[in-house]
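Right, one structure below, let's go through it.
Protein chains: 2
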Amino acid sequence: MSDIHNETVAPAVERDVTDLVLQDILTGMLPAGTWLKQIDLERRYDCTRPEVRRALDRLSQKRLVEHVPNRGYHVYQPDGRRAQEISDIRVILETAIADQMVANAKPDSIETLRGLARHFDDMTQNGTVLEHYEANLAFHKELLLLAGNQELVDLISEIRQRTSSAPVSQWRTRARVEQSAREHHLMIDALEAGDTAELRRLIEAHIRQTARLGQR
Amino acid sequence: MSDIHNETVAPAVERDVTDLVLQDILTGMLPAGTWLKQIDLERRYDCTRPEVRRALDRLSQKRLVEHVPNRGYHVYQPDGRRAQEISDIRVILETAIADQMVANAKPDSIETLRGLARHFDDMTQNGTVLEHYEANLAFHKELLLLAGNQELVDLISEIRQRTSSAPVSQWRTRARVEQSAREHHLMIDALEAGDTAELRRLIEAHIRQTARLGQR
DNA sequence: GTAACATAAATTGGCGCCAATTTTGGATAC
DNA sequence: GTATCCAAAATTGGCGCCAATTTATGTTAC
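This is the structure:
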């Protein structure tokens, strides 16, 4: 059992180990297939074994890591079928609420979204992988919140994490990143114009484009 | 901290403590608001404290129980907003795949479903609360599997658990149970007839009827 | 009777420890 | 060189223990 670099990552006070490990998985610091040794994670995140165990158990419940009894945990390999199925689910959900998003899009909401889209643009130019990724999440979350179903927002946020819809695989080329950025603005345009059909089309295209590239 | 009866429930070999606690929550043995004392659960399920803790942590991650630091865990109170939102999500998902269910409904699938619907009828007459509940789940799972998206089946199964869509609240009257049974058969009829619109209507009505009664 | 306080009892939270299991490295044989 | 075996080292898994915190109970004052 080998594999990971033992860099100590300073624990942020408000984020527990689960979040830290998850972040490192999603940013590619802990690539697919990596064995996550408990004693290494203790050092990496400067925490205790019970904390590591809890984090790993939680991540295994989310099927981001796999537990192999007596051997440990490793990061799941990307699964094309899963990614595809989850994209399908996201398409279903996010297009189904397009009409509610349009109905609830007030000028201040539009303004907030524009700000977040610009922030994404900015992070594309100047940000770290993580900042970029989180800017994307922030934009999409704000968009989804328009529909007024908190459980749905949480659910989508949750299932996004289940696949390699992550920075290391999501945006392979500059062109793709820039297209995503344009699509964000186009979604806002459709919202503003009250064009539900166009919004649906954009959302679906956005998700499927990302999903296709998420396959390895 | 008080509240639960200390009956020892024989642990089934293949089900871990998480499942056992979940089962007791869903069947009403551990009602909403109940404080789940670790030492009581140890005795109840004849297991060790670490196992209890893991189970409780998992259930808290699923938001079925709430963790209050230094005080313990208690079963969440039903939340009408959550139940409603989750039903909305289920309607979106399950009606979206109606066409795929219809497309994939082969005669042997129909036959299997009829068997499961009859089994539900039988459990209505003769079964325990849990058997009845599981017969319902079995029927719906088989139906959903027709769509060919395993992640979606798993997801729906998972989100159903998040609310009081459980035996103690789902079926309050005999009439309601019997209507559910009829609806199961009608869904199969719609499948067999290839009537996607009717299937959608039935699914939506079925979910919403259940959700309405799930509120307290 | 209620409110405040102190103490004992009960419970949670987390750590250390060690048995069980796996991995690694070295020695030996071919 | 490869294959096999064995012992040492490393790691996982789970238990026991106890400090920290909360709850319950009893006493005192009003």
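Chains as they are written, first to last, in my numbering: chain A, 1 to 216; chain B, 1001 to 1216. Note that CB positions come from ideal geometry on N, CA and C, so glycine has one too.
Could you spell out the range, first to last residue, of the alpha helix (DSSP H) harbouring residue i?
i, result
"Y1133 (chain B)", "1129–1145"
"T1112 (chain B)", "1107–1126"
"D189 (chain A)", "174–193"
"Q150 (chain A)", "150–160"
"D1099 (chain B)", "1098–1104"
For residue i, which residues in the same chain have their Cβ closer than 6 Å to its Cβ, ignoring the five residues on either side in sequence?
i, result
"T1163 (chain B)", "R1082, A1083, I1086"
"T18 (chain A)", "A55, R58"
"E192 (chain A)", "I110"
"H1206 (chain B)", "E1183"
"A1032 (chain B)", "V1075, Q1077, P1078"
"E1186 (chain B)", "According to the sequence displayed, residue 1186 (chain B) carries Leu and not Glu. Answer for L1186 (chain B): L1202, listed in chain order."
Chain B beta carbons: is any one of them nearer than 8 Å to that of residue i?
i, result
"L93 (chain A)", "yes"
"E51 (chain A)", "no"
"Q77 (chain A)", "no"
"E14 (chain A)", "Bear in mind that a pLDDT of 48 at E14 (chain A), under 50, signals an unreliable position, so the model cannot answer this."
"E85 (chain A)", "yes"
"I89 (chain A)", "yes"
"R208 (chain A)", "no"
"Q23 (chain A)", "no"
"Q61 (chain A)", "yes"
Just checking: is the beta-carbon of residue i within a distance shorter than 8 Å of some beta-carbon in chain A?
i, result
"D1057 (chain B)", "yes"
"E1151 (chain B)", "yes"
"Q1096 (chain B)", "Just to set this straight, residue 1096 (chain B) is Ala in the shown sequence, not Gln. A1096 (chain B) counts as touching chain A."
"L1155 (chain B)", "yes"
"I1188 (chain B)", "no"
"Q1161 (chain B)", "no"
"R1082 (chain B)", "yes"
"Q1038 (chain B)", "no"
"R1201 (chain B)", "no"
"R1114 (chain B)", "no"
"Q1179 (chain B)", "no"
"R1118 (chain B)", "no"
"R1054 (chain B)", "yes"
"N1006 (chain B)", "The pLDDT assigned to N1006 (chain B) is 47, lower than 50, so where the model puts this residue is not dependable; a value taken from the coordinates is nonetheless given after this. No, N1006 (chain B) does not count as interfacial toward chain A."
"G1214 (chain B)", "Bear in mind that a pLDDT of 43 at G1214 (chain B), under 50, signals an unreliable position, so the model cannot answer this."
"G1072 (chain B)", "no"
"L1020 (chain B)", "no"
"T1196 (chain B)", "no"
If I measure Cβ to Cβ from residue i and keep anything under 8 Å in the same chain, skipping five residues before and after, which residues do I get?
i, result
"K141 (chain A)", "V153, S157"
"Q150 (chain A)", "none"
"L1093 (chain B)", "L1152, L1155, I1156"
"E1178 (chain B)", "T1124"
"V970 (chain B)", "Since the first and last residues shown for chain B are 1001 and 1216, residue 970 (chain B) lies out of range."
Could you round the C-beta distance between residue i and residue j to whole angstroms and report it? I think they count as a contact, below 8 Å.
i, j, result
"V1052 (chain B)", "Q1061 (chain B)", "About 15 Å separates the two Cβ atoms, so there is no contact after all."
"A1135 (chain B)", "F1120 (chain B)", "4 Å"
"Q1023 (chain B)", "L1130 (chain B)", "7 Å"
"L144 (chain A)", "A105 (chain A)", "About 12 Å; that fails the 8 Å criterion."
"I1203 (chain B)", "T1095 (chain B)", "6 Å"
"L36 (chain A)", "M101 (chain A)", "Between M101 (chain A) and L36 (chain A) the Cβ distance is about 38 Å, and since that is not below 8 Å, they are no contact."
"I159 (chain A)", "R90 (chain A)", "7 Å"
"A1117 (chain B)", "F1139 (chain B)", "6 Å"
Which residues in the same chain have their Cβ closer than 7 Å to the Cβ of residue i, if we skip the five residues on either side of it in sequence?
i, result
"R114 (chain A)", "I188"
"R1063 (chain B)", "Y1076, R1162"
"I25 (chain A)", "L64, V75"
"R49 (chain A)", "Q38, E42"
"T1112 (chain B)", "E1142"
"G1148 (chain B)", "Q1100, N1104"
"E1066 (chain B)", "S1060, Y1073, H1074, Y1076"
Is any heavy atom in the ligand ZN found nearer than 7 Å to the beta carbon of residue i?
i, result
"T173 (chain A)", "No copy of the ligand ZN occurs in the structure displayed, which carries no ligand at all."
Could you pull out every unbroken beta strand (DSSP E) segment of at least 3 residues lying fully inside the segment 24–95 of chain A, listed in chain order? 65–68, 72–75
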